[in-house]
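Trainee: Top to bottom, those sequences are chains A and B.
Add 12 to the 1-based position in the first sequence for my numbering, that's all there is to it.
Add 12 to the 1-based position in the second sequence for my numbering, that's all there is to it.
Glycine residues also receive a C-beta, built at the ideal position from the N, C-alpha and C atoms.
Protein chains: 2
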Amino acid sequence: MDTQAPDHPLADNDAELTPADMSARTGVSIDTLRYYEREGLLQNVARAESGHRRYSNADVLWVEVLRCLRETGMTIEHLRHYCELGAQGSHTEPERRRMLTEHRQLVESQISERVEALRLIDHKLSFYPVGESA
Amino acid sequence: MDTQAPDHPLADNDAELTPADMSARTGVSIDTLRYYEREGLLQNVARAESGHRRYSNADVLWVEVLRCLRETGMTIEHLRHYCELGAQGSHTEPERRRMLTEHRQLVESQISERVEALRLIDHKLSFYPVGESA
DNA sequence: CCTTGACCTGGAGTGCGCTTCGGGTTGTTG
DNA sequence: CAACAACCCGAAGCGCACTCCAGGTCAAGG
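#1: Since G8/A is in the alpha helix (DSSP H), which residue starts that stretch and which ends it?
#2: Looking at chain A, is there any beta carbon in it that lies within less than 7 Å of the beta carbon of L137/B?
#3: Residues of chain A with CB under 8 Å from E96/B, in chain order?
#4: Alpha carbon to alpha carbon, how far is R110/A from S138/B? Give it in angstroms, no decimals.
#5: Starting from A60/B and walking both ways along the alpha helix (DSSP H), at which residues does that stretch end?
#6: Check the DSSP bridge columns for V140/A and list the partner residues they point to.
#7: What do you get for Q122/B, buried or exposed, if any count of 16 or more other CB atoms within 10 angstroms of its CB means buried?
#8: For V77/B, go through chain A and note every residue whose CB falls closer than 8 Å to its CB, in chain order.
#9: Using a Cβ cut-off of 8 Å, pull out every chain B residue sitting near Q122/A, in sequence order please.
#10: If the cut is a Cβ gap below 9 Å, which residues of chain B does A99/A touch?
#11: To which residues of the same chain is L54/A closer than 6 Å at the C-beta, ignoring the five residues directly before and after it?
#12: Under 8 Å between beta-carbons, which chain A residues line up against A129/B? List them in chain order, please.
#13: Would you say E28/A lies against chain B (beta-carbon separation less than 7 Å)?
#14: Buried or exposed, going by whether 16 or more other CB atoms sit within 10 Å of the CB of T87/A?
#15: Which whole-angstrom value is the C-beta distance of V119/B and A129/A, which I expect to be below 8 Å?
#16: Between E105/A and chain B, is there a C-beta pair that is closer than 7 Å?
#17: For R82/A versus A27/A, is the C-beta distance shorter than 7 Å?
#18: Looking at chain B, is there any beta carbon in it that lies within less than 7 Å of the beta carbon of P21/A?
#19: From D134/B to E105/A, what does the alpha carbon distance come to, in whole angstroms?
#20: Could you name the residues that DSSP lists as bridge partners for L29/B?
#21: Below 7 Å on C-beta distance, what does R116/B contact in chain A?
#22: Using only alpha-carbon positions, find the residue among L29/A, K136/A, D43/A that is nearest to R59/A.
#23: With a CB to CB cut of under 6 Å and the five nearest residues on each side skipped, what residues in its chain are close to T84/A?
#24: So for V40/A, helix, strand or coil by DSSP?
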């Protein structure tokens, strides 16, 4: 009844980070952390007796994953689905694997799109006179 | 007095694409094309006598540039500024060059961010059992 | 004890980039 | 020439991902 992070053996028995700590460590704002929790992206966050949140190191790692997936364009809805699957047990692993694989392809296409963009930008830049910087 | 596209010698004397044509050619919706025009991203679009828009080949090329910059995260506001500079004449070239260079750096950081994301995704994928696809 | 600041909650508000709407004009096809 | 699609315009609406607000609780310092 004290550990629930399925991915990581080290669980939140060491949950001692305040919201402010967590925000500083992950670069995600306190409001966004609460929003993610409401949306089901961050489950079973521990509480102090006062009712205040206490985040664990495992939470930090997970938020870093969230940040990475969000920044590469996974929607909140997909993330929520992924989390729901995780909470449902190991029989959902094939589906989670599928989601990750699909997102991986998205990220790869974003990379090649951007490599193309660099070429176009460089092409346009080549038409401008050499800039005097200072 | 009939050409105004500063980037391209071939101007819009050949403006004969309807909005539907333009949309099909660029993949940008008709509504979005009108929105871009309102926002100043697409200037001096020709009109038929009826008042209907007629896009030129130069317009097609420019919309492709817009699409590329938008897809890599340049905001409408920056794009508008870039267009305004273009309309102001060649003395704004250093500034335009600067904007493009800055955006280039943004795109490069997006690429390395995504390369990092691929590593993380692969790491997580390595923890799932080998998927049976069919 | 009193203040001050971090935290709590549910709910409303924001900014961006489109997208849709409503009502009217044009132009092509049977 | 009637109908129907494509176009025009200004303005309102939408979806997403946050972000802020109001009004209250908790905890440490002077």
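Mentor: The relevant details are as follows:
#1: Since the displayed chain A opens at 13 and closes at 146, residue 8/A lies outside it and no answer follows.
#2: The residue you call residue 137/B lines up with position 125 of the second sequence. Answer yes: the Cβ-Cβ gap between L137/B and chain A drops below 7 Å somewhere.
#3: Translated into positions along the second sequence, residue 96/B becomes position 84. Here the premise fails: no neighbours, minimum Cβ distance about 17 Å.
#4: As a working mapping, residue 138/B is identified with position 126 in the second sequence. As a working mapping, residue 110/A is identified with position 98 in the first sequence. When rounded, the separation of the alpha-carbon atoms in S138/B and R110/A is 13 Å.
#5: Position 48 of the second sequence, counted from the start, is the residue given in the question as residue 60/B. For A60/B, there is no enclosing alpha helix (DSSP H), as DSSP marks it with neither H nor E.
#6: As a first step, residue 140/A must be located in the first sequence, where it is residue number 128. For clarity, residue 140/A is Tyr in the given sequence; the question names Val instead. Beta-bridge pairing links Y140/A to no other residue.
#7: In the second sequence, counting from the first residue as 1, residue 122/B sits at position 110. That one is buried.
#8: Counting from 1 along the second sequence, the entry for residue 77/B is found at position 65. Those within 8 Å of V77/B in chain A are L132, K136.
#9: What you label residue 122/A is simply residue 110 of the first sequence in a count that begins at 1. In chain order: Q122, R126.
#10: On the first sequence, residue 99/A is found 87 positions in, with the first residue counted as 1. Within 9 Å Cβ-Cβ: nothing; A99/A doesn't reach chain B, min ~16 Å.
#11: Stepping through the first sequence from its first residue, residue 54/A is reached at position 42. Contacts found: Y48.
#12: As a first step, residue 129/B is located in the second sequence; it is residue number 117 there, counting from the start. What A129/B touches in chain A: C80, L81, E83, T84, V119.
#13: Here residue 28/A refers to the residue found at position 16 when the first sequence is read from its first residue. Not an interface residue.
#14: Translated into positions along the first sequence, residue 87/A becomes position 75. Exposed, by the Cβ-count rule.
#15: Residue 119/B sits at position 107 when you count from the first residue of the second sequence. Residue 129/A sits at position 117 when you count from the first residue of the first sequence. Sure, about 5 Å apart at Cβ, within 8 Å.
#16: Reading the first sequence from its first residue, position 93 is the one you call residue 105/A. True, the Cβ-Cβ gap to chain B drops below 7 Å.
#17: Against the first sequence, residue 82/A aligns to sequence position 70. Against the first sequence, residue 27/A aligns to sequence position 15. Against a cut-off of 7 Å, the Cβ pair of A27/A and R82/A comes out as no contact.
#18: Counting from 1 along the first sequence, the entry for residue 21/A is found at position 9. Any reading at P21/A needs caution, since the residue's pLDDT is 41, under 50, leaving its predicted position unreliable; the model's value is listed next. No, because no Cβ of chain B sits closer than 7 Å to the Cβ of P21/A.
#19: Translated into positions along the second sequence, residue 134/B becomes position 122. Translated into positions along the first sequence, residue 105/A becomes position 93. Approximately 15 Å between the Cα atoms of the pair.
#20: Mapped onto the second sequence, residue 29/B falls at position 17. Y67/B.
#21: Along the second sequence, one-based indexing puts residue 116/B at 104. What R116/B touches in chain A: L130, I133.
#22: Working through the first sequence from its first residue, we reach residue 59/A at position 47. Out of L29/A, K136/A, D43/A, L29/A has the C-alpha closest to the C-alpha of R59/A.
#23: Numbered from its first residue, the first sequence carries residue 84/A at position 72. The residues V119, in chain order, have a CB closer than 6 Å to that of T84/A in the same chain once the five nearest residues on each side in sequence are set aside.
#24: The residue labelled residue 40/A in the question sits at position 28 within the first sequence. Coil.
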